[in-house]
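Below is one structure, written out as structure tokens; the observations come after it.
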Amino acid sequence: MWIDSAQLNMEVMGEGAAVLMAHGAGGEAGLWRELAARLAPHARAAALDLSGHGKSPRRAHAHTLDTYVRDILAAVDALGGPVVLAGHSMGGALAMCIALEHPDAVRGLVLAATGARLRVLPALIQQFESPDPAAAVSMMSGAAFAPGAPPALVQEYAESLMRADPGVVVQDFRICDSFDIMPRLGQIRVPCLILCGDKDNLTPFKYSAYLHENIPGSELAQLPGCGHMLMLEAPCECADRILGFVRSLG
Numbered sequence: 051m052w053i054d055s056a057q058l059n060m061e062v063m064g065e066g067a068a069v070l071m072a073h074g075a076g077g078e079a080g081l082w083r084e085l086a087a088r089l090a091p092h093a094r095a096a097a098l099d100l101s102g103h104g105k106s107p108r109r110a111h112a113h114t115l116d117t118y119v120r121d122i123l124a125a126v127d128a129l130g131g132p133v134v135l136a137g138h139s140m141g142g143a144l145a146m147c148i149a150l151e152h153p154d155a156v157r158g159l160v161l162a163a164t165g166a167r168l169r170v171l172p173a174l175i176q177q178f179e180s181p182d183p184a185a186a187v188s189m190m191s192g193a194a195f196a197p198g199a200p201p202a203l204v205q206e207y208a209e210s211l212m213r214a215d216p217g218v219v220v221q222d223f224r225i226c227d228s229f230d231i232m233p234r235l236g237q238i239r240v241p242c243l244i245l246c247g248d249k250d251n252l253t254p255f256k257y258s259a260y261l262h263e264n265i266p267g268s269e270l271a272q273l274p275g276c277g278h279m280l281m282l283e284a285p286c287e288c289a290d291r292i293l294g295f296v297r298s299l300g
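Count along the sequence shown from 1, add 50, and you get the number used in the numbering used here.
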């Protein structure tokens, strides 16, 4: 689906309750494809390319958190109303902002491998700012998976990062690095499912535990043997958890 009014690409499959998926820093809609295929027999699975990612063009101005919030709200409108919003890493940060500022846009949140405060290693930002970001891609893809992850999955993610615009990735990292919503978590009033891997080195379990402790009524599920890229490492279990959550909303 092409959202003409916002110049955004969104991959949509299936029918039923809408689950809108927002990727993380340097990501793209395709990273959700296998998970979306498992959701599609039971829900309308929609994966968005944020501005400057995947098939969505880069904005003329610098990308900010508000840029991406507007992208997601445009996708919600295109899907016809409130959605279950699933956000991975930076996408989870965006999801929490929308729940706070635009609660009517969401029926529930799925917060995957994210946190209330996100910090990025300065060395990683510097690597992506270099003329050849290959070392940064290797560093990030290597850290994003649990030990022993299938090499094909790691390679798939590395290739996705290599397709990304390095300037956009740097902007994404700066958005993450300045993100801090810790004082406001208690104001989130929509149902919330928190997913995390027990081998996640980028957003470790304590991040998800903090979300669970501070978001009223939230549910926490830890996925064994998974790192940061839950939707690639455990698409079946993620889909089952998300569908169970969607059904619980009625």
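Note that beta-carbon positions come from the ideal geometry of N, C-alpha and C, so glycine has one too.
Expected contact under 8 Å - CB spacing of Gly-102 and Asp-215 to nearest Å: That pair is a contact at about 6 Å.
Sequence-distant residues of its chain with Cβ nearer than 6 Å to Tyr-257 (five each side left out): Correct list, in chain order: Gly-165.
Of the listed residues Pro-91, Ala-112, His-92, Ala-75, nearest to Asp-98 (C-alpha basis): It is Leu, not Asp, that sits at residue 98 in the sequence shown. The alpha carbon of Leu-98 has as its nearest neighbour, out of Pro-91, Ala-112, His-92, Ala-75, the alpha carbon of Ala-75.
Selected residue, minimal CA-CA separation from Ala-184, among Leu-282, Pro-132, Ala-110, Arg-213: Arg-213
Length of the line joining the Cα atoms of Asn-59 and Glu-287: The alpha-carbon atoms of Asn-59 and Glu-287 are separated by roughly 26 Å.
6 Å CB neighbourhood of Leu-282 in its chain, flanking five on each side removed: Closer than 6 Å at the Cβ level, and outside the excluded window around Leu-282, lie Leu-203.
Simplified DSSP assignment, three categories, for Cys-276: coil
Per-residue DSSP class, three states only, for Glu-269: strand
Limits of the alpha helix (DSSP H) - the one that Asp-227 falls within: 216–228
CB contact flag (Leu-168, Phe-255, <8 Å): no
Test item: CB-CB of Ala-90 and Glu-61 under 8 Å: no
Residue burial classification, Asp-121 (beta-carbon count within 10 angstroms, cutoff 16): buried
Reduced DSSP category for Arg-239 - H, G, I as helix; E, B as strand; rest coil: coil
Exposed unless 16 or more other CB atoms sit within 10 angstroms - verdict on Trp-249: At residue 249 the sequence reads Lys, which differs from the Trp that was named. Result: buried.
Status (buried if at least 16 other CB within 10 Å, exposed otherwise) for Gln-205: exposed
Contact under 8 Å by Cβ, Cys-276 with Gly-294: Contact: no.
Cβ neighbour criterion (16 or more within 10 Å) applied to Gln-176: exposed
Helix, strand or coil at Val-296 according to DSSP, with G and I counted as helix: Helix.
Distance CB(Val-69)-CB(Val-219) smaller than 8 Å: no
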